[in-house]
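Protein chains: 2
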Amino acid sequence: MQRDIHENHRIEIRLSGSGGQGLVLAGVILAEAMGVYEGKNVAQTQSYGPEARGGASRSDIVISDTEIHYPKTTQLDLLLSLTQESCDQYYRSLKENGILVVDSDKVRQLPSHKAFSLPFIKTAKEQAGTPVVANVVSLSAVAAIMELCPKESLLKAVLMRAPRGTEDKNRTACELGYEMGVEARRKMRERKYAFDH
Amino acid sequence: MQRDIHENHRIEIRLSGSGGQGLVLAGVILAEAMGVYEGKNVAQTQSYGPEARGGASRSDIVISDTEIHYPKTTQLDLLLSLTQESCDQYYRSLKENGILVVDSDKVRQLPSHKAFSLPFIKTAKEQAGTPVVANVVSLSAVAAIMELCPKESLLKAVLMRAPRGTEDKNRTACELGYEMGVEARRKMRERKYAFDH
């Protein structure tokens, strides 16, 4: 784990998009990976209300080394957005230097030039055989970008929740996404390095 | 809706048991039924931590007519327990006059004689064809006991989350559970009536 990202021992992540993109399930999977397989304290919350009914769906995960007294997110360390609407709606919840990760085909207007814009849905469709697993592709990328856990812990949690008969597609989605995340992180570091010198 | 139960406009429910009983999914389904189809504000939380790793799994739902500022449960209006361990662990979180609902085969030692002890797992197995849908049976009973929503809203949410090919079993589970809950509520009322006079 990178202490520069996690030094406050509390990480807040929001997975956002539209209903039907499987982000509630993605939140549950990440919570299980971190809580069950990585031994962290995790609170994972879905909220439904006037805001959510506006069209943007969201699933929040708080991860901590210590007990979580307040499970609601306050300032996001990372926001994933799979639609323009959810990006517009939640971008202001990111903390300074928080990380924005978006689907490059769905989010065309980026609020920050520092965002990671990656083809999650296209990759799910073309390389894992179905756009349905775009939630697993993007979740896996997020886990790698944040260095939350080894791929093995995430994959275990993904396969626990994969409906029977979809294991192979979900495994592929997890591997593709994790690889995308590792590569994105590598680029982020190079960029930082370039800035620093 | 019964105003006697819901007069404070905030309802807190915990679904508890062991991992693998599908209670995380049940929590998500109830949140969707109330949030998406009934237009309530809902926060639904899974927590993983030292407590959860002790063996008892839990999924919390807070339902409100007004905005939910604090999504963590404080005093439960209803606790569902599908194992003795989870019943023992969480019973003290029930508020005074809170409702305890347990599986009659799994929870043999009741901490209160006012509990609803119902054969959820047995009913799932014998009448819906698989113990896997015991989560839907018990969730549907809870919804009916609390008069949270009409069966139709719950059924819509159940079918949204049912893996392809399991729709019929899940529909049966929902109908059986809701019926069990309606009957339990009827008995509760009769008993109250008997006490009052």
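Protein sequence lines, in the order shown, are assigned to chains B and D.
Just remember that my numbering sits 749 ahead of the position in the first sequence, which is counted from 1.
Just remember that my numbering sits 749 ahead of the position in the second sequence, which is counted from 1.
The beta-carbon is built from N, C-alpha and C at its ideal position, and this holds for glycine as well.
Since the structure is predicted, the reported quantities are computational estimates derived from the model, not experimental observations.
Quiz item: So, does the CB of B:Y839 fall closer than 8 angstroms to a CB anywhere in chain D?
Solution: Not an interface residue.
Exercise. Closer than 9 angstroms by beta-carbon distance: list the chain D residues that pair up with B:S796, in chain order.
Key: What B:S796 touches in chain D: A780, G784, N790, V791, A792, Q793, I817 and P820.
Exercise. Quick one: which unbroken beta strand (DSSP E) runs of 3-plus residues sit fully inside the segment 830 to 888 of chain B? Chain order, please.
Key: 843 to 852 and 865 to 867
Quiz item: Given a threshold of 16 other Cβ atoms within 10 Å of its Cβ, counted over all protein chains shown, does B:K936 qualify as buried or as exposed?
Solution: exposed
Quiz item: Of all the options D:L827, D:D826 and D:I812, which has the alpha carbon lying nearest to the alpha carbon of D:P820?
Solution: D:I812
Quiz prompt | Whole-number beta carbon distance between D:V850 and D:I894, since they are thought to touch under 8 angstroms | solution = 7 angstroms
Exercise. Examine chain D for any beta-carbon lying closer than 8 angstroms to the beta-carbon of B:V773, and answer yes or no.
Key: Answer yes: the Cβ-Cβ gap between B:V773 and chain D drops below 8 angstroms somewhere.
Quiz prompt | Interfacial residues, the segment 879 to 912 of chain D to chain B, with Cβ spacing under 7 angstroms | solution = P912
Quiz item: Residues in its own chain within less than 6 angstroms of B:R807 by CB, not counting five upstream and five downstream?
Solution: Excluding sequence neighbours, B:R807 sits near R763 and S765.
Quiz prompt | Beta-bridge pairing of B:N919 - partner residues as DSSP gives them | solution = Its beta-bridge partners do not exist; DSSP assigns none.
Self-check item: Top-ranked residue by Cα proximity to D:A780, from B:E787, B:Y797 and B:S767
Solution: Of the candidates B:E787, B:Y797 and B:S767, the one whose C-alpha sits nearest the C-alpha of D:A780 is B:Y797.
Quiz item: For B:P880, which residues of its own chain have a beta-carbon under 7 angstroms away from its beta-carbon, when the five flanking residues on both sides are left out?
Solution: I870, A873 and K874
Quiz item: Cα separation between B:Q838 and B:L828?
Solution: 11 angstroms
Self-check item: Among B:A805, B:E845 and B:K918, the one whose alpha carbon lies nearest that of B:K863
Solution: B:E845
Exercise. Give the secondary structure of D:A911 by DSSP, where H, G and I count as helix, E and B as strand, and everything else as coil.
Key: coil
Quiz item: Between D:S902 and the rest of its own chain, which residues show a CB-CB distance below 7 angstroms, the 5 nearest in sequence each way excluded?
Solution: Within the same chain, D:S902 has close Cβ partners A782, Y786 and E787.
Quiz item: Among all the DSSP beta bridges, which residues are the ones paired with D:R807?
Solution: D:S765
Quiz item: Under the DSSP definition of a beta bridge, which residues are partnered with B:T794?
Solution: B:D809 and D:T794
Exercise. Take B:L925 and list the residues in its own chain whose beta-carbon comes closer than 7 angstroms to its own, dropping the five residues that flank it on each side.
Key: T872, Q876, A877 and V886
Quiz item: Quick one: does B:V777 have its CB under 8 angstroms from some CB of chain D?
Solution: yes
Quiz item: Are the beta-carbon atoms belonging to B:V791 and B:I810 less than 8 angstroms from one another?
Solution: yes
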